[in-house]
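Only one structure is covered here, and it is reproduced in the block below.
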Amino acid sequence: MCYFVQGPLVLIAGIIFILGLLYQGIQFFKLTKKKEWGVPPSSLEIKPQKQTKKQWVREALRTLNGTLWKTDPVLTIVTSVFHVCLIIAPLFLLGHNILLDQSWGLSLFSLPESVSNFLTLLVLICGLYFLGRRLFMARVRAISTVYDYLVLLIAVVPFLTGFLAYQQWLNYQTVILLHILSGELMLITIPFTKLGHMLFFFLYRFFIGSEYSFVRGSRTW
Amino acid sequence: MKGYQFITVLVAVLGIILASSLSAQPDKIVFDPLKLFGKSKRPGVTLSHNRHVEAGLSCKDCHHVYENGQNVLDEGQLEEGNQGVRCSACHGPKVRIGLEQAFHDQCIGCHTRLLKEKKKTGPRFCGQCHVKK
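First to last, the protein sequences are chains H and D.
Under my numbering, the first sequence has 23 at position 39, and the numbering climbs by one with no breaks.
Basically my numbering = 1-based index in the second sequence + 501.
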């Protein structure tokens, strides 16, 4: 059992993660293939105008006002920090890279462990903020289901167990096994739950952008 | 009666020889990163030499000097205090396999192989060797 979690399951989880994302990506392109509307006359099309750098910056800042930044700056900061740390901490973690090097002979650059520890702590604090929002803000609680809590748990548990393992608090053997298991669970669930926004975030940005600004209906790229 | 005395002396002599050969190997070997690398990313590692011997490993399973892919180490060289047989004698900062990687390869590599063979094995994860005190 221990061997399965440490060895084959890591590979299985990785394969499901990559194939799952590929499948979802292909599905996305398939479903958006059909042109829903005719192409409007080109006179109606809004062509982007040439801008100076100064205009571009002003325009970009103005656009920010239409985003979450204007309505909820705290959440914007928390969620940005959460996502940046969530990606950076595990990728550039010394322990992960040493294990990678041991199995594949290649590894990424590693941050000092104190920095990784700090980033992990930030992920946990942000996760706690998300949990608090769901629990205590009426408008968020109203649309929260068990599924939302579960997804949050899947995202945060690898970091919680990783933090405990680094500090060597509680029983190390159990904590490290839970850490590996929760990481695998996260990889497996990413393509098939709303954690899939890891991929869809980028696709939707283009999709919605093309829906609303290029006025051609459906995916035009 | 004489035969009994002879056996007693023989056992005593053998015992002394065995004990002296065992005492030549300190059981606890401590790898102190501060001494080895001048800096410490993680707590040092304490290794039980006896447990490795008791597990049936021969000296050359771990200690090595490779020439043309062959381990040509002379086991007689393996004495405490012999600087020439220390890992750091070869695995220096300018070699492809540095000291830190040599330690990791040697320990994790062997422990992983045994795990794959479903045999009793040693630790593989950071905190199992680098134990915080």
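For every residue, glycine included, the Cβ atom is placed at its ideal position computed from N, Cα and C.
Determine, for residue i, whether the minimum Cβ-Cβ distance to residues of chain H falls below 7 Å.
| i | result |
| --- | --- |
| I598/D | no |
| I609/D | yes |
Give the DSSP-derived three-state secondary structure of residue i in the structure shown.
| i | result |
| --- | --- |
| V510/D | helix |
| F93/H | coil |
| I(-1)/H | helix |
| Q35/H | coil |
| S549/D | strand |
| K617/D | helix |
| V41/H | helix |
| K529/D | strand |
| N636/D | For chain D, the structure presents residues 502 to 634; residue 636/D sits outside this window and is missing. |
| S524/D | Confidence at S524/D is low in this model, with a pLDDT of 47, below 50, so its placement is unreliable and no value can be given for it. |
Ignore the nearest five residues each way along the sequence and tell me which others in residue i's own chain have a CB closer than 6 Å to its CB.
| i | result |
| --- | --- |
| L615/D | T622 |
| S541/D | P534, L535 |
| P175/H | G4, L5, Q8 |
| S100/H | A73, L77 |
Which residues of chain D have a Cβ atom closer than 7 Å to the Cβ of residue i, listed in chain order?
| i | result |
| --- | --- |
| I82/H | H605 |
| G79/H | C627 |
For residue i, collect the residues of the same chain with a Cβ closer than 7 Å to its Cβ; drop the 5 residues on either side in sequence, then sort them by chain order.
| i | result |
| --- | --- |
| L165/H | V(-11) |
| P544/D | H631, V632, K633, K634 |
| I218/H | One cannot answer for residue 218/H here, as it falls past the ends of chain H, which runs -15 to 205. |
| T177/H | V135 |
| A149/H | Y156, V159, I160, H163 |
So, at 8 Å on beta carbons, what are the nonlocal neighbours of residue i in its own chain, with the 5 sequence-adjacent residues on each side left out?
| i | result |
| --- | --- |
| D528/D | S549, H550, N551 |
| S524/D | Any answer about S524/D is weak, because its pLDDT of 47 lies below 50 and its placement is not dependable; what the coordinates show is given next. So the list is empty, once near-sequence residues are dropped. |
| L75/H | L92 |
List the residues of chain D whose Cβ lies closer than 9 Å to the Cβ of residue i, in chain order.
| i | result |
| --- | --- |
| I160/H | F626, C627, G628, Q629 |
Give me the chain D residues within the contact set of residue i, using Cβ-Cβ distance strictly less than 8 Å, ordered along the chain.
| i | result |
| --- | --- |
| A(-3)/H | Result: empty, since nearest Cβ-Cβ is about 17 Å, beyond 8 Å. |
| Q86/H | H605, D606, I609, G610, T613 |
Which residues of chain H have a Cβ atom closer than 7 Å to the Cβ of residue i, listed in chain order?
| i | result |
| --- | --- |
| L616/D | Y(-13) |
Taking Cβ-Cβ distances shorter than 9 Å, what residues in chain H pair up with residue i?
| i | result |
| --- | --- |
| K633/D | Q151, Q152 |
| K542/D | L78, P96, E97 |
Quick check on residue i - is its C-beta less than 7 Å from some C-beta in chain D?
| i | result |
| --- | --- |
| Q33/H | no |
Cβ of residue i less than 7 Å from any chain B Cβ?
| i | result |
| --- | --- |
| Y156/H | Looking for chain B here will not work: the only protein chains present are H and D. |
To the nearest whole angstrom, what separates the beta carbons of residue i and residue j, a pair I think is in contact under 8 Å?
| i | j | result |
| --- | --- | --- |
| C563/D | Q607/D | 6 Å |
| Y113/H | V68/H | No, Y113/H and V68/H are not in contact; Cβ-Cβ is about 15 Å, not under 8 Å. |
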